[in-house]
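Novice: In this note's numbering, the protein residues as written are 1 to 141.
Where a beta carbon is used, it is the ideal one built from N, C-alpha and C, also for glycine.
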Amino acid sequence: MVSLFEVTLKAAANQVCLYWNESKTEFITTSFKFTELKSLSNISIKNVDDFKYLESHIADSQKNLRICKALAWNACNRLDKIWHSNLPHKLKVQTFRTLIEPVFLYESETWTLLALIKATRVNQSAQKDLEHQLEITPNTY
1 MVSLFEVTLK AAANQVCLYW NESKTEFITT SFKFTELKSL SNISIKNVDD FKYLESHIAD
61 SQKNLRICKA LAWNACNRLD KIWHSNLPHK LKVQTFRTLI EPVFLYESET WTLLALIKAT
121 RVNQSAQKDL EHQLEITPNT Y
């Protein structure tokens, strides 16, 4: 069955000028583990627990959450002059929602439910920190 899949995949890829690099090929399974998988040319294909695809870890939403959280805090810290300026609080909140939240929530639609629950808690915590730092109440915005 895998051989038929491989032949079909190679044929489909070749039709659109894509070529399968067997030495770089990896596969991931969720329900069972292969001890070994070989290509038609008898090259071993590596079984991995997680891999990165389009800047997102496929099997580990928690890792994606940690990365997005770190990137968001980094972006937030870079705007330190804005947070400590005399700009109106409403403008600071809009700045946060426009520039920081999208960084934190990037690709969140692919996170697991557990990661989404954790992200909600992190987002609520970040909002409270921001409110404290800006000396505002939720009613202000």
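Taking contact to mean at least 3 C-beta pairs separated by less than 8 angstroms, is the region 18–33 in contact with the region 43–51?
Specialist: Cβ pair count under 8 angstroms is three or more, so yes.
Novice: Give me the Cα-Cα distance between A72 and E101, rounded to the nearest whole angstrom.
Specialist: Straight-line Cα distance between these residues: approximately 7 angstroms.
Novice: Below 8 angstroms on the Cβ atoms is my guess for V48 versus I67; work out the distance and round it to an integer in Å.
Specialist: Contact doesn't hold; Cβ gap of about 18 angstroms is too wide.
Novice: Could you spell out where the alpha helix (DSSP H) holding N64 opens and where it closes?
Specialist: N64 -> alpha helix (DSSP H) spans 61–78.
Novice: In three-state DSSP terms, what is E26?
Specialist: Three-state result, E26: strand.
Novice: Less than 8 angstroms between CB atoms is the rule here; does N74 satisfy it with respect to chain B?
Specialist: In the structure shown, chain B cannot be found, because there is only a single protein chain.
Novice: Along the beta strand (DSSP E) that carries N47, what are the first and last residues, could you check?
Specialist: Residues 44–47.
Novice: Tell me whether S31 is buried or exposed, calling it buried when 16 or more other Cβ atoms sit within 10 Å of its Cβ.
Specialist: Its Cβ having fewer than 16 others within 10 Å, S31 is exposed.
Novice: For F104, which of Q62, H89, K10, K90 has the nearest alpha-carbon?
Specialist: The candidate whose alpha carbon is nearest that of F104 is Q62.
Novice: May I have the straight-line CA-CA distance separating F51 from S85, to the nearest angstrom?
Specialist: Taking the straight line from one Cα to the other gives about 42 angstroms.
Novice: Please state the DSSP three-state secondary structure of M1.
Specialist: Low per-residue confidence applies at M1: pLDDT is 47, beneath 50, and the placement is therefore not dependable enough to give any value.
Novice: What are the start and end residues of the alpha helix (DSSP H) that includes V93?
Specialist: 89–95 is the span of the alpha helix (DSSP H), which, as asked, contains V93.
Novice: Would a C-beta distance cut-off of 8 angstroms place N64 and E107 closer than the cut-off?
Specialist: For N64 and E107, yes; Cβs fall inside 8 angstroms.
Novice: Which class does S31 belong to by DSSP, given the choice of helix, strand or coil?
Specialist: It is coil, neither helix nor strand.
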